[in-house]
Amino acid sequence: MRIGQGFDIHRFSDDPDRPLVLAGVTIPGSAGLAGHSDADAATHALCDALLGAAGLGDLGTFFPDQDPSFAGADSLELLRQVMLLVAESGFEAINGDITVVAERPKLAPHREAMVATLSEITACPISVKASTAEGLGPIGTGEGIAAMAVVLLMERSSS
Ligand code: MG
């Protein structure tokens, strides 16, 4: 068994047309997050947890944010590629758990879709929890959204 953890944070974008994407789900009616890709902090944290558990480095190693080919990238596509890397390393995912820290928007109405989306791609149960920062710090004052993730991997038997 191998454990991995990941963290990511993105500030809200000034662009009013930028959609908010979290855990692969587009959430209407909220400001989007700024970033080179679609800025899906939850999926990025999960990717880093998977790469960390497999001893493969981090998301920036494989998908550098200076690389124009990843501009506006769909983070679910990055997650699919991370799962291929994890499989090539001889591991399969057992489960994952994500906490999204955000003052707004309310994530509860989207939680089921987030869980379904990430669980399908990783082929294991991924739980998504929402928390707030109780008004404290930059997340608490609504400047951005952070996410933390842990995953468990198991080495595939070579029989
Ligand atoms: Mg990120």
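Its first residue numbered 657, the sequence shown is counted upward by one per residue in our numbering. Where a beta carbon is used, it is the ideal one built from N, C-alpha and C, also for glycine. Predicted model, so just to flag it, every value in this text is computed and none were measured.
Roughly how many angstroms lie between the CA atoms of residue i and residue j, to the nearest whole one?
i: Thr773; j: Asp671; result: 26 angstroms
i: Thr699; j: Lys762; result: 18 angstroms
i: Pro675; j: Asp721; result: 19 angstroms
i: Ser813; j: Ile782; result: 23 angstroms
i: Ala695; j: Leu715; result: 13 angstroms
i: Asp684; j: Glu744; result: For the record, residue 684 in the displayed sequence is Pro; it is not Asp. Going from the Cα of Pro684 to the Cα of Glu744 covers about 36 angstroms.
i: Glu811; j: Ala786; result: 30 angstroms
i: Arg658; j: Leu809; result: 5 angstroms
i: Val756; j: Val677; result: 12 angstroms
i: Gly708; j: Val807; result: 9 angstroms
i: Gly798; j: Glu759; result: 6 angstroms
i: Leu712; j: Leu702; result: 14 angstroms
i: Phe747; j: Met739; result: 9 angstroms
i: Gly688; j: Ile750; result: 31 angstroms
i: Ala727; j: Ser693; result: 5 angstroms
i: Leu735; j: Glu790; result: 30 angstroms
Got a sec: does the ligand MG put a non-hydrogen atom nearer than 7 angstroms to the Cβ of residue i?
i: Asp694; result: no
i: Gly711; result: no
i: His766; result: no
For chain B, find out if any of its Cβ atoms is closer than 8 angstroms to the Cβ of residue i; answer yes or no.
i: Ile782; result: The structure shown has no chain B; it contains just one protein chain.
For the alpha helix (DSSP H) that residue i lies in, which residues bound it at each end?
i: His666; result: Careful: His666 lies outside any alpha helix (DSSP H), inside the beta strand (DSSP E) at Arg658 to Arg667.
i: Leu715; result: Leu715 to Phe718
i: His638; result: Lying outside 657 to 815, the shown extent of the chain, residue 638 is not represented and no answer is given.
With residue i as the anchor, note down where its beta strand (DSSP E) starts and where it stops.
i: Leu676; result: Leu676 to Leu678
* Asked: Counting only runs that start and end within the region 734-813, where is the beta strand (DSSP E) found for 3 or more residues in a row?
  -> 747-757, 782-787 and 800-811
* In chain order, what are the residues with a CB under 6 angstroms from some non-hydrogen atom of the ligand MG? -> Asp664, His666, Gly691, Ala697 and His700
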